[in-house]
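Below is one structure; the comments refer to it alone.
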Amino acid sequence: MSNSIVIRLPSKKRLNAQVPLSSNSFLITPGSVITEDADYMRGHGTYTNDDEEDHKLYASVAGVVERINKLVCVRALKTRYNGEVGDIVVGRIKEVQQKRWKVETNSRLDSVLHLSSVNLPGGELRRRSAADELTMREYLKEGDLISAEVQQVHTDGMLSLHTRSLKYGKLGQGCCVTVSPSLIKRRKNHVHNLSCGVTIILANNGYIWINSTAVDGTKTTGDGGFVVDTEPVQMDDREAICRVRNCILCLSRSSVMLYDTSVLYAYEASLQYQVKELLLDEIATEIVDQTLSLLERESSGNG
Amino acid sequence: MAKAILGDSEKWFIVHGVQDDFRTDGRSCENYRHIELETGILSNTHGSARIRLGSSELLVGVKVELGTPKPQRINEGWLEFHVDCSPNAHPVFQGRGGKELSDNICSMLTRVYRNNTVMDLEALGVIPQKHCWVVHVDVLILECGGNLIDAASIAVKAALYNTGIPNISLTDGDEGEVEINLPDDPEDVKHLKTINCPVLVTLSKIGNRHIVDATDEEECCCSASLVMGVTRRGHTVGVRKMGGGSLDPESVTEMIDSGKKIGRQLHISLDKLLKIEAGMSEDIKQTGYL
Amino acid sequence: MPTDSRRLPVPEVSHSPELFCSSDPTSLINDDSLRKDGRNPEEIAGIFMQCGTVSQAKGSSFCELHKTKVICSVYGPKDVEQKEDFQMIGKLKCDFKFAPFSCHKRRGHIADLEESELCEVLTQALSSSVCLHRYPKSQIEVYVIVLENNGSALAAAITAASLALADACIEQYDIVAAASVRVFGKENFLRDPTFHEEYFPHQLSKKNDFNNGVVTVALMPTLNQVCGVLSEGCMESSVLQEAIQTCTEEAQNLYAPLRKCLTSNLGDINV
Chain A
15 MSNSIVIRLP SKKRLNAQVP LSSNSFLITP GSVITEDADY MRGHGTYTND
65 DEEDHKLYAS VAGVVERINK LVCVRALKTR YNGEVGDIVV GRIKEVQQKR
115 WKVETNSRLD SVLHLSSVNL PGGELRRRSA ADELTMREYL KEGDLISAEV
165 QQVHTDGMLS LHTRSLKYGK LGQGCCVTVS PSLIKRRKNH VHNLSCGVTI
215 ILANNGYIWI NSTAVDGTKT TGDGGFVVDT EPVQMDDREA ICRVRNCILC
265 LSRSSVMLYD TSVLYAYEAS LQYQVKELLL DEIATEIVDQ TLSLLERESS
315 GNG
Chain B
2 MAKAILGDSE KWFIVHGVQD DFRTDGRSCE NYRHIELETG ILSNTHGSAR
52 IRLGSSELLV GVKVELGTPK PQRINEGWLE FHVDCSPNAH PVFQGRGGKE
102 LSDNICSMLT RVYRNNTVMD LEALGVIPQK HCWVVHVDVL ILECGGNLID
152 AASIAVKAAL YNTGIPNISL TDGDEGEVEI NLPDDPEDVK HLKTINCPVL
202 VTLSKIGNRH IVDATDEEEC CCSASLVMGV TRRGHTVGVR KMGGGSLDPE
252 SVTEMIDSGK KIGRQLHISL DKLLKIEAGM SEDIKQTGYL
Chain C
29 MPTDSRRLPV PEVSHSPELF CSSDPTSLIN DDSLRKDGRN PEEIAGIFMQ
79 CGTVSQAKGS SFCELHKTKV ICSVYGPKDV EQKEDFQMIG KLKCDFKFAP
129 FSCHKRRGHI ADLEESELCE VLTQALSSSV CLHRYPKSQI EVYVIVLENN
179 GSALAAAITA ASLALADACI EQYDIVAAAS VRVFGKENFL RDPTFHEEYF
229 PHQLSKKNDF NNGVVTVALM PTLNQVCGVL SEGCMESSVL QEAIQTCTEE
279 AQNLYAPLRK CLTSNLGDIN V
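Chains as they are written, first to last, in the working numbering: chain A, 15 to 317; chain B, 2 to 291; chain C, 29 to 299.
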């Protein structure tokens with residue numbers, strides 16, 4: 015009988031696995047002076063003293079200083095999601111309210127999804143009736159995951175979402191991984207059909223949805239995607255989904271930016287191992303190293 | 002108790018995965034996650050251990066104190082367990098929020114240590130009827146990533162293995178009283194025999210199958226689980242069904258069989274690690290929380 | 029007041045003499061293979077069940093298993109007291125208490141760890157039988173008090189609680205019947221153990237504490253689903269499995285009397 019349970023001493027890798035910062039940005043901690051020049055404008059993550067004499071600009075969060083012309087801001091390394099109009103987000107329904115759903119999207123305040131901004135079954139031009147209001151929980155209930163687009167950012171930072179496109183809506187079978195929103199690289203496209211038969215939504219808010227591409231095709235049927243599909247996922251699809259999931263976790267633990275190429279490289283690097291072996295720290299580091307070297311080779315090849 | 006919230010379709014994904022013997026993180030039904038364990042990390046205790054199982058993290062400290070023996074067992078000491086859920090792990094543990102979880106773990110630990118085969122309690126006796134050692138085992142939950150009960154029991158066994166009880170000497174004092182002298186050297190300790198200490202194995206029923214070492218997402222899909230204490234020899238020392246669901250009589254039998262198997266594997270791995278760590282205690286630097 | 033030094037001082041703590049004169053736990057069965065109370069090892073204890081004991085409760089029951097006496101009452105369903113989140117399923121709130129005078133030693137009024145553990149086992153056993161999805165936003169309260177503890181209190185409590193729920197006309201998938209067995213060596217399973225036959229590790233020494241323990245199983249007899257298992261003591265897993273099997277059979281046998289108790293009670297109402 016082979017003994018499969020591994021118990022060992024803590025590895026030190028976990029603690030000092032950090033990617034060196036690029037040389038053109040530097041880190042700053044709260045309370046340290048960014049500039050003494052009064053000409054600069056105060057941006058996010060900074061503060062000034064009310065004192066007339068004192069023109070210094072201080073940082074209020076730990077992060078990277080960014081300068082756009084005269085505007086200075088500090089971008090925090092670890093932050094909740096700050097929504098922008100047009101972002102793709104993945105969120106979890108938290109509460110069903112009158113004519114709207116509260117959605118948890120990793121931002122400061124819960125986002126809202128109005129009943130009028132979802133596609134209900136029966137075509138886009140359907141009128142919302144009072145009956146729809148009463149059956150809201152049948153469409154989306156607490157715990158359900160949705161993909162959506164940010165429609166509007168309110169002054170208090172609250173987001174309004176909409177799913178009025180066949181791209182968005184309730185998510186089916188698959189799994190969700192949470193990473194820091196700052197690890198998601200902003201790109202034109204956040205939904206990728208990877209060559210391994212897996213679709214990933216690298217949502218801007220740091221929630222990553224992974225499911226099989228094949229299942230995605232059935233979404234265009236008339237039920238609006240609200241019906242829970244209970245058919246088992248095919249075994250090879252499942253393996254690919256779980257592999258991508260573990261790869262993304264490896265990358266995010268080592269703070270590697272996530273976008274289609276990095277995920278795909280990590281996936282390829284992982285193919286020599288079994289999916290469950292990716293949980294091991296050594297193998298995770300190896301995959302991250304391989305991914306980074308592949309990415310580097312690509313960027314130097316282009317430049 | 003802090004629980005992950007999942008939608009129906011995510012649950013189906015997990016349930017079907019268990020059915021196909023391929024779980025979301027790639028493990029099969031009877032695979033354990035990797036465990037990181039170290040002992041002797043708290044300087045103010047007589048024995049301690051820290052465990053990390055997946056993303057669950059627990060800290061166990063053992064302190065021994067002199068107490069009065071119980072009237073029924075005049076020359077024995079006893080063990081006392083206490084479990085605390087820190088709000089560091091989850092804000093819902095604030096106040097009395099973690100009471101249900103900590104009571105469950107605590108009563109399960111007490112249950113499996115409550116018999117004469119697991120520990121030699123006579124080794125804890127000092128002076129019959131007067132003094133004995135009381136071993137306080139305190140478990141602190143620092144992070145919740147599922148399967149806390151198993152993790153707690155493994156850490157408790159490791160911490161007890163690490164526990165050194167001061168070698169006290171007795172001298173006759175005035176009026177027939179006995180004087181207790183503590184050794185001058187804090188290293189002068191005797192270790193407890195932990196060879197028969199049990200570990201707890203939780204078998205969670207998902208769909209038609211059962212899994213070990215469920216993550217918190219999997220715990221969310223599981224309605225009934227069987228927690229059992231298993232000793233090194235594969236004997237059971239206390240079983241309890243947890244959760245609001247029910248089980249088939251046949252599956253209870255199956256679960257006991259696989260729990261026994263997994264429990265023995267856990268013991269083998271754990272004992273191996275504890276021996277390795279004890280052997281090289283001079284050379285290794287503790288990681289702790291650095 | 030000045031103390032008289034010639035008098036012997038009173039001891040600070042006192043213990044009941046019964047603690048020390050406990051019967052020899054190694055001889056639960058005598059040479060004629062009979063138990064202390066004259067039963068065969070396989071012989072179950074006489075059980076008495078009654079519904080509607082507490083007239084003001086929505087449903088109630090009284091259960092007597094040899095000398096163990098348990099009263100259970102059910103209140104509700106009613107509005108949830110502490111509203112947390114919107115709940116689609118009802119909440120089952122149980123309370124399990126030994127009366128202060130129920131055991132040899134006086135019990136405190138505040139629930140100790142043993143009581144809160146048994147309460148949790150009771151709640152989990154019942155919540156698999158009650159159709160909680162039929163009672164959204166509401167809670168059902170189940171109160172169990174053990175008046176006299178002569179062993180097998182948990183089994184009696186679970187059976188009584190399910191009976192009281194049925195008496196309160198709370199929807200259940202099935203009645204829950206529970207039974208316990210004292211494992212005494214590899215071969216001997218003493219059904220419905222009395223207090224002296226319960227498992228007390230401090231009465232045993234290291235040598236004879238193997239394959240000794242108590243197993244309690246709660247079962248839904250018609251669905252044949254186990255909704256609660258609790259065991260104590262070190263035993264081989266095969267012995268444990270056999271003990272669970274024995275309990276299951278015994279609980280199965282409890283179904284007929286439970287049914288009879290309920291139907292006769294309903295008959296009373298119709299008359």
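Just so it is clear, CB atoms sit at the ideal spot from N, CA and C, and this is done for glycine as well.
Check	Outcome
Within chain A, the residues that T232 (chain B) reaches when beta carbons sit closer than 9 Å	Result: empty, since nearest Cβ-Cβ is about 16 Å, beyond 9 Å.
Those residues which DSSP pairs with Q78 (chain C) across a bridge	C:F90
Chain B contacts made by the segment 254 to 274 of chain C, where a contact means CB separation under 8 Å	V254, C255, G256, V257, L258, S259, E260, G261, C262, M263, E264, S265, L268, Q269, I272 and Q273
Buried or exposed by the 16-neighbour rule on C-beta atoms within 10 Å, applied to S209 (chain A)	exposed
Minimum Cβ-Cβ distance from G315 (chain A) to chain B less than 7 Å	no
Span of the alpha helix (DSSP H), counted from its first residue to its last, around K276 (chain B)	P250 to G280
Closest by C-alpha distance to V191 (chain A), when choosing among A:P135, A:V242, A:V241 and A:T119	A:T119
Same chain, Cβ closer than 7 Å to T46 (chain B), five either side skipped, listed in chain order	G62, V63 and K64
Exposed unless 16 or more other CB atoms sit within 10 angstroms - verdict on D220 (chain C)	buried
Of the residues B:D9, B:R265, B:I128 and B:G235, the one placed nearest D173 (chain B), counting alpha carbons only	B:I128
Contact with chain B by V299 (chain C), beta-carbon distance below 7 Å	Its pLDDT being 49, under 50, V299 (chain C) is placed unreliably in this model, and the value from its coordinates should be taken loosely. No, because no Cβ of chain B sits closer than 7 Å to the Cβ of V299 (chain C).
Within chain B, the residues that M248 (chain C) reaches when beta carbons sit closer than 7 Å	S247
Outcome for Q111 (chain A) when other beta-carbon atoms lying within 10 angstroms are tallied against a minimum of 16	exposed
The beta strand (DSSP E) enclosing S174 (chain A), as first and last residue numbers	L173 to H176
Delimiting residues of the alpha helix (DSSP H) encompassing G18 (chain B)	D9 to Q20
Length of the line joining the Cα atoms of D295 (chain A) and S89 (chain C)	58 Å
Under 8 Å from the C-beta of L141 (chain C): neighbouring residues of chain B	D104, C107, S108 and T111
Interface flag, T244 (chain C) vs chain B, CB-CB below 7 Å	no
Local conformation of R114 (chain A) per DSSP, three classes	strand
Beta-bridge pairing of S166 (chain C) - partner residues as DSSP gives them	C:D107
Cβ-Cβ distance between D274 (chain A) and H206 (chain A) below 7 Å	yes
Where L180 (chain A) falls, given that 16 or more other Cβ within 10 Å makes a residue buried	exposed
Beta carbon of H161 (chain C) nearer than 7 Å to that of I203 (chain C)	no
Residue-level contact to chain B via CB, S55 (chain C), 7 Å cutoff	no
Same chain only: Cβ atoms within 7 Å of L29 (chain A), ignoring 5 sequence neighbours per side	Unreliable placement is indicated for L29 (chain A), whose pLDDT of 45 sits below 50; no coordinate value is reported for it.
As assigned by DSSP and simplified to three states, the class of G231 (chain A)	Since pLDDT at G231 (chain A) reaches only 49, below the 50 mark, its modelled position is unreliable, and the value read off the structure follows with that caveat. Residue state, collapsed to three classes: helix.
Alpha-carbon spacing of V104 (chain A) relative to S226 (chain A), whole angstroms	16 Å
Cβ of G231 (chain A) within 7 Å of any chain B Cβ	In this prediction, G231 (chain A) has a pLDDT of 49, which is less than 50 and means its spatial position is unreliable; nothing more can be read from the coordinates.
Reduced DSSP category for H236 (chain B) - H, G, I as helix; E, B as strand; rest coil	coil
Sufficient close CB pairs (3 or more, under 8 Å) joining the segment 212 to 224 of chain B to the segment 180 to 190 of chain B	no
R142 (chain B) vs A215 (chain B) beta-carbon contact at 7 Å	For the sequence presented, residue 142 (chain B) should be read as Ile rather than Arg. Result no, Cβ atoms of I142 (chain B) and A215 (chain B) do not sit closer than 7 Å.
Cβ-based burial, D195 (chain C) [other Cβ within 10 Å; buried from 16]	buried
Beta carbon proximity, G146 (chain B) to chain A, threshold 7 Å	no
Other residues of its chain near D170 (chain A): CB distance less than 8 Å, five sequence neighbours each side excluded	L123
Three-way DSSP call (helix, strand, coil) for E245 (chain A) in this model	coil
Under 7 Å between C-beta atoms of V257 (chain C) and V240 (chain B)	yes
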